[in-house]
Amino acid sequence: MTTHSVTVADPGCAPVGTVGTPEVTVDESTAGLETLAPAAADLPTQVYFRTTAESFNRRWAFATRDGHVYVKESAAHGGWRTVELPGCLAGRVVGVSADDDEVMAIDRDGRFFTMDHALSAPRDWNWSSRYGTPLWTGPGNNLPPGTLAWSWSVLSPTEDHVWRDTAGNDHPVGGAKVSHVFALTHGGQRIQYIDPWLPVDHSYEMSTPYGGRFQAVALSTAASTSLIVNRFGDFYTRLYDFDISGADKVFFRYAYDDQRGLPEAPDMLAERVDSRYAAIQLPAPEWAQQPKVPGEITDRISIHKTGPGSSARELRVEGRDGGRNGFWTKQLTDEAWTFVPTDQPLVGTPLDNPPTNRSLDTLAAPSPYDYQGVSPRGWSAQVREFDVAATPTPLRIELNDGSGVDLILHTVDGLRQTPQRPGITSQPRHFDGTIELSPELLASLDAQSEAVRDFVRNVLGGNRFTDTAVVVTDTGFHIARLDLTLNRS
């Protein structure tokens, strides 16, 4: 991967705003809407998709045309008004995305500007160019170079309340919202996410399906649930953000041990400090393939929240059925799509949509980062096709007597407060790692060779899960618990 620079907001335009601060009481009125100038642009009577040209939340619909931002009540047919923007942003907006009570606008240089209180009355709205550590007070950030599609995502304690992990346990969202820009980059193979509480860089990623090799053509994200599609109409969804990934150990407690059947904590503090309650199950939820759409579709896709909980999501994709234009829709966990006619012109690019799964036909080449080496104890190890965003990774150990042990190495991108270059470079990249032994190997340990028994008991302590620091560069791969450094092969 190449290294990209990050451009901060124009120092001459640095509105402070309230975004990232504790929420005030929401004003459910439309106070202030009447003071906004009527829109002179050609805008649709209704907004059906959360894209970066038009978007919506529970109360308001937003659109951008010719550098400006417009708003109307989501349920209203027409009635668009012109949103007041900071002087340096007016006439420069090229994208807008709303989720929950925040709106992200991107200017023509790719810089972020966030509007707060977007579920309240327009008189409460305000803008900020702040972005980045510490605590959303940084100098600003911008879209990664080569972004094909992007979306603003907000998971909030007020609107979403909880999210569900792979053990089936619900967890409080936390004391603050989880806000990210998700950006589809590198020809549709990478998804980089930019958290306003993290360093001003583009280093954090969520892998695409098939170990990061799936190539998407479109992306939409809401409340930390992403929807992607490839050029053959194969859809996938995933619940994932910085907190869900396992990286935020300051505020949350995680575990690879099975958390099924443990009671859910009544609040965030109890979950963090009381081991009687279920921890957040790792690894994080993986991609789930969605059923094929039984009709014509385009790459204009959308996801939005419909209520509390991480299953309350609606998917939409623009298309045609029976000669009429509209959109196909389903709830996240539904088994089939239904069609809603709108008779609006199709805007997206048509996709080939055969009834069969063509996911494997769009896979990119595997990661070129292979590592191998020999430990001070004489046994060798190998890691193949390591990807910073894809976990777990097979770890093969060859012992002195010729026997081998196949392990699983889980890696979670660490919590950082200083910038990190994207991808794997000469700059050391630190991961929170966990080595996993198969339960079958543990159950049959007495029947294994002496070398295997010694490795499992004396190196891994006889545990199924063993935490370790992992440091990776473009030439080396260090696993601290094993006192092992592998070299790029």
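So the sequence shown is numbered by the working numbering: it starts at 568 and just counts up by one.
Virtual Cβ for every residue (Gly too), placed ideally from N, Cα, C.
- [ ] Mind reading off the beta-carbon distance from G1000 to T978? Whole number of angstroms is fine, and I expect it under 8 Å.
- [x] G1000 to T978, Cβ: 5 Å. Contact.
Open item on the list: Using 8 Å for Cβ pairs, my map puts A846 next to Y821. What's the rounded Cβ distance?
Closed with: 6 Å
Open item on the list: On the criterion of 16 or more Cβ atoms from any shown chain inside 10 Å, does P582 qualify as buried, or is it exposed?
Closed with: So P582 ends up on the buried side.
Task: 6 Å CB neighbourhood of G645 in its chain, flanking five on each side removed - done: T612
Open item on the list: Suppose you measure from the CA of P875 to the CA of W647; what does that come to, to the nearest Å?
Closed with: 29 Å
- [ ] Over the uninterrupted alpha helix (DSSP H) stretch that includes D810, give me the two end residues.
- [x] F809 to S812
Task: Environment of G584 [buried if 16+ CB atoms lie within 10 Å] - done: G584 is buried by the Cβ-count criterion.
Task: Residues near T569 by beta carbon distance below 7 Å, same chain, minus five either side - done: In this prediction, T569 has a pLDDT of 32, which is less than 50 and means its spatial position is unreliable; what the coordinates show is noted afterwards. So no residue of the chain qualifies.
TODO: Take the Cβ of K859 as the centre, count every other Cβ of all protein chains shown within 10 Å, and call the residue buried at 16 or more, exposed below.
DONE: buried
Task: V955 versus E772: straight-line alpha-carbon distance, rounded - done: Here the C-alpha atom of V955 lies approximately 8 Å from the C-alpha atom of E772.
Open item on the list: Does the contact criterion of 3 or more C-beta pairs under 8 Å hold for the segment 613–632 versus the segment 664–682?
Closed with: yes
TODO: Could you check how far apart the C-beta atoms of F818 and G699 are, in whole angstroms? I think they sit under 8 Å.
DONE: With 8 Å as the limit, F818 and G699 do not qualify as a contact, their Cβ atoms being about 18 Å apart.
- [ ] Specify the secondary structure class of N624 as computed by DSSP and reduced to three states.
- [x] Under the three-state reduction of DSSP, N624 is assigned to coil, being neither helix nor strand.
- [ ] Examine the Cβ distances between the segment 736–756 and the segment 883–895 and report whether three or more of them are shorter than 8 Å.
- [x] no
Task: Pairwise C-alpha distance: T804 and W854 - done: 6 Å
Open item on the list: Assuming D1021 is part of the alpha helix (DSSP H), what are its boundary residues?
Closed with: E1017 to D1021
TODO: Pick helix, strand or coil for A672, following the three-state DSSP scheme.
DONE: A672 carries a strand assignment under DSSP once its states are collapsed to helix, strand and coil.
- [ ] Check whether the Cβ atoms of G1057 and A657 sit closer than 9 Å, and answer yes or no.
- [x] The question about residue 1057 has no answer here: the residues shown for the chain are numbered 568 through 1056.
Open item on the list: Tell me the DSSP secondary structure of Y771 in three-state form.
Closed with: coil
- [ ] Take the Cβ of D762 as the centre, count every other Cβ of all protein chains shown within 10 Å, and call the residue buried at 16 or more, exposed below.
- [x] Sixteen is the threshold: when 16 or more other Cβ atoms of the shown chains lie within 10 Å of the Cβ of D762, as they do, the residue is buried.
- [ ] Take G915 and list the residues in its own chain whose beta-carbon comes closer than 6 Å to its own, dropping the five residues that flank it on each side.
- [x] The residues are T865, D866, R867 and E885.
- [ ] Examine the Cβ distances between the segment 1033–1046 and the segment 992–1006 and report whether three or more of them are shorter than 8 Å.
- [x] yes
TODO: Quick one: grab the DSSP three-state call for P861.
DONE: coil
Task: Which residues DSSP lists as bridging A822, in chain order - done: Note: A822 sits in a beta bridge opposite Q848.
- [ ] Below 8 Å on the Cβ atoms is my guess for Q857 versus L882; work out the distance and round it to an integer in Å.
- [x] 7 Å
Open item on the list: Could you compute how far the alpha carbon of F863 sits from the alpha carbon of G1043?
Closed with: This sequence places Glu at residue 863; Phe is not what is there. Taking the straight line from one Cα to the other gives about 48 Å.
Open item on the list: So, at 6 Å on beta carbons, what are the nonlocal neighbours of W895 in its own chain, with the 5 sequence-adjacent residues on each side left out?
Closed with: V860, V884, G886, W904 and F906
Task: First through last residue of the beta strand (DSSP E) which encompasses E853 - done: First-last for E853: undefined, no H or E at that position.
TODO: Using only alpha-carbon positions, find the residue among I964, L652, V650 and F629 that is nearest to S641.
DONE: F629
Open item on the list: Please classify P961 as buried or exposed, where buried requires at least 16 neighbouring CB atoms within 10 angstroms.
Closed with: exposed
TODO: Using 10 angstroms around the beta-carbon of R617, count the other beta-carbons present and answer buried if the total reaches 16, otherwise exposed.
DONE: buried
Task: Burial state of R996 (16 or more Cβ within 10 Å) - done: Buried: at least 16 other Cβ atoms inside 10 Å.
Task: Straight-line Cα distance separating E595 from H753 - done: 41 Å
Task: Test item: CB-CB of Y511 and S774 under 9 Å - done: Residue 511 lies beyond the range of the chain shown here (568 to 1056); nothing can be said about it.
Task: Cross-strand partners of G778 (DSSP beta bridge) - done: Partner(s): none; G778 has no beta bridge.
TODO: Closer than 6 Å by C-beta to T574: which residues in its own chain qualify, once you throw out the five before and the five after it? Chain order, please.
DONE: Low confidence applies to T574: its pLDDT is 46, below 50, so where it sits in the model is not reliable enough to give any reading.
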